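To start, the structure itself, in structure tokens.
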Amino acid sequence: MSIFSAAGWLLGIPPKEQREARKEWERKQWRYTSKKIDEINAKQDKLNKDYENFAIYGSVLTKSFPVEFFNEENNDLVDKVIDKFINDYSNAYDNLKDIGEKIDLGIKYTQIWKKKKSLYDIENILKEIEKEEKEQLNYINVSNSNKDIDKEIEVLKLQKEILELKAQLAEKDKER
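This is the structure:
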């Protein structure tokens, strides 16, 4: 007899009613679980039908920018801003493992992308991009300087070995 059966007996619930209550609870749990799965599938279907790839995301994104932003002079800036939005989304998407979280993330980013952007918003985004580029350049410069330091260390080690070999040769010459 299980603990639950014993507790049921103590409370005056016969085993048959306990089994029926357990089955009903399992049915409710299954319905709830399958309902959640259906909701997730519906969200996924909606996401897949409405936004099949980044080209469609890009069209949603470009419609949210002011018309003045799109011109020949700003072409590189437009690419940088759009790349930042796409990279932010894809990095966040890649870091998630749960499909439900990925769907929610896609919906969240779609809403972010659809939100109308002012020129002030774009200036702030460009400042962020410049800051990130400077950080990347600093990282590259530091790693290059570290490589230079490593090369200098190797050269110094080789020079030390040469001096040690010369000292050994000088000792052998003195012995002769």
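Going by this note's numbering, the sequence shown wraps up at 300, each residue one higher than the last. Backbone N, C-alpha and C fix where the C-beta goes; we use that ideal spot for every residue, glycine too. Because the structure is a prediction, the values reported are computed rather than measured.
(1) So does the stretch 259 to 271 actually touch the stretch 221 to 233, counting three or more Cβ pairs closer than 8 Å?
(2) If you run the structure through DSSP and keep just helix, strand and coil, what is residue 221?
(3) Please report the distance separating the alpha-carbon of residue 251 from that of residue 272.
(4) Quick one: what's got a C-beta closer than 8 Å to residue 253's C-beta in the same chain, skipping five residues either side?
(5) When the Cα atoms are used, what is the spatial distance from residue 189 to residue 148?
(6) Going by the beta-carbon positions, is the gap between residue 213 and residue 233 smaller than 8 Å?
From the atom records:
(1) no
(2) Here residue 221 sits in coil by DSSP.
(3) 31 Å
(4) Setting aside the 5 residues that flank it on each side, residue 253 is surrounded in the same chain by 204, 205, 208, each with a C-beta closer than 8 Å to its C-beta; the list follows chain order.
(5) 54 Å
(6) yes
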